[in-house]
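In terms of UniProt numbering, the sequence shown opens at residue 1 and continues consecutively.
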Amino acid sequence: MPTSSTPSSPFTATGAPRAGGAGTIAGRTVSRVGYGAMQLERLHADRGAAVALLRRAVELGVDHVDTAQFYGDGFVNGVIRDAFRPEDGVVVVSKVGADPDPGGALPLRPAQRPEELRASVEDNLRSLGADRIPVVNLRRLDTGPGLRAEGDQLVDIDDQLAVMTALRDEGKIGAIGLSSVTLDGLRRALPAGIACVQNAYSLVSRDDEEMLRLCVEERIAWVPFFPLGGAFPGVPKVAEEPAVVAAARSLGRTPAQVGLAWLLHHAPNTLLIPGTADAGHLEANIAAGAIEFDDDTLAALDAVESRSADATLG
Numbered sequence: 001m002p003t004s005s006t007p008s009s010p011f012t013a014t015g016a017p018r019a020g021g022a023g024t025i026a027g028r029t030v031s032r033v034g035y036g037a038m039q040l041e042r043l044h045a046d047r048g049a050a051v052a053l054l055r056r057a058v059e060l061g062v063d064h065v066d067t068a069q070f071y072g073d074g075f076v077n078g079v080i081r082d083a084f085r086p087e088d089g090v091v092v093v094s095k096v097g098a099d100p101d102p103g104g105a106l107p108l109r110p111a112q113r114p115e116e117l118r119a120s121v122e123d124n125l126r127s128l129g130a131d132r133i134p135v136v137n138l139r140r141l142d143t144g145p146g147l148r149a150e151g152d153q154l155v156d157i158d159d160q161l162a163v164m165t166a167l168r169d170e171g172k173i174g175a176i177g178l179s180s181v182t183l184d185g186l187r188r189a190l191p192a193g194i195a196c197v198q199n200a201y202s203l204v205s206r207d208d209e210e211m212l213r214l215c216v217e218e219r220i221a222w223v224p225f226f227p228l229g230g231a232f233p234g235v236p237k238v239a240e241e242p243a244v245v246a247a248a249r250s251l252g253r254t255p256a257q258v259g260l261a262w263l264l265h266h267a268p269n270t271l272l273i274p275g276t277a278d279a280g281h282l283e284a285n286i287a288a289g290a291i292e293f294d295d296d297t298l299a300a301l302d303a304v305e306s307r308s309a310d311a312t313l314g
């Protein structure tokens, strides 16, 4: 991959060493290892534990958190509101494009129309207790099985970007990101100013390599979801790759840590948002940011075959 400079600030606002070093999103310096909050919903019965997990993340150098109003129908956003303090300097990134649907086959329904995107931003603001969200990702329904747009949910990306730009101009969001977007969609969106791209991507599923190169060139943060593959039928798993297992054994790390570390080494604009509801897994994920590879190990990992894989909504 092409190289790119990143900020050198080694500490977060709380004085913790940056997890994985320093990166950028929307002009803000953040730790390259952040936290994806979707799995906090698993702690619905123990809100205190959920808050404590986020406080632990801050202590470990996390200052970039990914969320959505449709995670737990507002529960996760409420935990974020309760857990973080202004002095923590945490950059909260949310997303729109779907709404909660607790009674549906999936707990989500598409919400792609411009008025729905605006309503979703307002819902996120309320549940986060915020006047402004630093970054909001427009979750397209272009890739992955999960939800698919039909009927009046088939909305041109230009119409969606018009309302997202208006929300940015109004100060309700700080920057616009894209999620599950095609290469053509990203190219069309560039004039609007795109801060980050979230697509399913891992060592074993690298269909978006050309898009990643474009993001490096345009200084757009690359924030992969399903960074270790997936637990769904037909989705390859990074931790099962022989080269990953061998690297983990030689380094005294877990295969999951090796898979996360490879992403950081592969492209300089990568920010990770691994999710967990377990404090031990949180610590392991953050520790992956300190892993270094020698040339032979990196070459062996780079040589792992990439297989196309569908991904559910992230």
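A virtual CB, placed ideally from N, CA and C, is assigned to each residue, including glycine.
Remember, it's a predicted structure, so these values are computed and weren't measured experimentally.
- Restricted to the stretch 252-285, the alpha helix (DSSP H) segments that are unbroken, complete and at least 4 residues in length are 255-266, listed in chain order.
- Judged by DSSP in its simplified three-state form, I80 adopts helix.
- S31 is not a Cβ neighbour of G72, given a cutoff of 7 Å.
- Taking C-alpha positions only, P86 is separated from I157 by approximately 33 Å.
- Following the DSSP letters along the chain, one finds N124 in no beta strand (DSSP E) but inside the alpha helix (DSSP H) bounded by residues P114 to L128.
- Residue environment: F11 is assigned as exposed (fewer than 16 neighbouring CB atoms within 10 Å of its CB, all protein chains considered).
- Note on geometry: alpha-carbon atoms of L203 and L282 lie some 20 Å from one another.
- The stretch 18-81 is shown to contain whole beta strand (DSSP E) runs of 3 or more residues at 22-25, 28-31 and 64-66, in chain order.
- For Q153, the CB contacts under 6 Å within the same chain, skipping 5 residues up- and downstream, are P110 and Q112 in chain order.
- The Cβ atoms of L108 and F75 do not sit closer than 7 Å to each other.
- G185: member of the alpha helix (DSSP H) spanning L183 to A189, first to last residue.
- Put simply, the backbone Cα of S9 is about 6 Å away from that of A22.
- Within the DSSP bridge table, the entry for N137 names K95 and G177 as partners.
- Put simply, the backbone Cα of A300 is about 13 Å away from that of S250.
- For the 7 Å CB-CB criterion, V121 and L167 form a contact.
- Nearest Cα to V96 within the set G34, Q198, Y35 and R18: Q198.
- Residue environment analysis places L117 among the buried positions, since at least 16 neighbouring C-beta atoms fall within 10 angstroms of its C-beta.
- Between T67 and A37, the gap from beta carbon to beta carbon is short of 7 Å.
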